[in-house]
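Following: one structure in structure tokens, then a few remarks.
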Ligand SMILES: [Zn+2]
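Numbering (my numbering), first residue to last: 97 to 353.
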């Protein structure tokens with residue numbers, strides 16, 4: 097049984113959806129602390145006996161400390177994310193206002209690349225790029241992938257300073273080696289044609305990388321490349337509120353050449 101829940105954070109005219117998923121009695125991600133009422137209601141109305149996180153970010157682990165205190169159930173995360181979870185977050189202001197800081201909690205480190213629930217056998221695939229500890233969960237038999245924040249959008253030009261375009265490209269390729277058609281994205285929800293969308297994102301990033309490198313090799317600075325390739329500052333771009341910028345995309349590509 098797969099069930100997704102859409103949570104929506106509304107603030108100052110901005111809407112940001114977050115999806116959490118229940119796979120039988122395992123909750124995949126716990127949503128942001130700022131939406132704790134909705135998350136607690138979902139948890140109280142459904143049997144939840146374990147939690148697995150796609151990565152440590154505050155909008156995916158925000159209710160995990162509450163779960164630790166109230167439910168005493170096993171919670172898991174990739175080994176490279178455990179340390180981050182054992183500390184309270186200290187977010188930059190925009191993210192803190194939107195999602196709220198998360199208190200420390202103590203997940204166990206995943207020690208296998210397979211995770212089984214009653215009806216599903218998930219292949220856990222380490223997919224860094226958005227976050228070092230990022231994983232996706234793939235049920236090849238049922239043909240779907242829980243993509244966390246790996247997909248988000250098919251043609252992103254804007255990224256965070258902590259993201260790596262080279263790693264994102266590698267992780268998309270790695271994920272596409274598995275068999276699935278549908279995806280469940282943590283911010284854009286369910287896509288029946290998810291595989292096609294992920295291929296589209298992969299091709300987009302590869303092309304973007306080529307375009308940036310062509311300009312760089314002509315001797316242009318990162319600022320000039322931004323003006324050439326991204327002339328309009330798209331204020332409405334997904335997550336642009338959060339110090340998310342094409343400059344980070346360009347710098348990541350140039351620094352990883
Ligand atoms: Zn994230």
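All C-beta atoms, glycine included, are put in the ideal place defined by N, C-alpha and C.
Measure the C-alpha to C-alpha separation of residue 240 and residue 113 and round it to an integer number of angstroms.
Each residue's Cα considered, the two are about 21 Å apart.
Consider the C-beta atom of residue 125 and the heavy atoms of ligand 1; say whether any pair is separated by less than 7 Å.
At a threshold of 7 Å, residue 125 does not count as near ligand 1, since its beta carbon sits no closer than that to any of the ligand's heavy atoms.
What are the boundary residues of the beta strand (DSSP E) that residue 292 is part of?
Annotation for residue 292: no beta strand (DSSP E) segment contains it, though the alpha helix (DSSP H) segment containing it runs 290–313.
According to the neighbour-count rule (16 or more other Cβ atoms, all chains shown, within 10 Å of its Cβ), is residue 218 buried or exposed?
With 16 or more other Cβ atoms within 10 Å, it is buried.
Please return the same chain residues whose Cβ sits closer than 6 Å to the Cβ of residue 352, not counting the five positions on each side in sequence.
262
Got a sec? Which residues, its chain only, sit under 7 Å from residue 295 by beta carbon, not counting five neighbours each side?
For residue 295, where only same-chain residues beyond five positions count, the Cβ hits under 7 Å are 272.
Give every residue of the same chain whose Cβ lies closer than 8 Å to the Cβ of residue 308, excluding the five residues on either side of it in the sequence, and list them in chain order.
321, 325, 345, 346, 349 and 350.
Assuming contact is defined by CB atoms lying nearer than 8 Å, are residue 270 and residue 223 in contact in what I supplied?
In contact: residue 270 and residue 223 (Cβ atoms closer than 8 Å).
Out of 98, 319, 132 and 107, point me to the one whose CA is closest to residue 193's CA.
107
Look at the alpha carbon of residue 97 and the alpha carbon of residue 313, and state the distance between them as a whole number of angstroms.
51 Å
Around ligand 1, which residues pass a check of Cβ closer than 5 Å to any of its heavy atoms?
That gives 153 and 245.
What first and last residue would you give for the alpha helix (DSSP H) that runs through residue 173?
Element bounds for residue 173: not the alpha helix (DSSP H) but the beta strand (DSSP E), 171–173.
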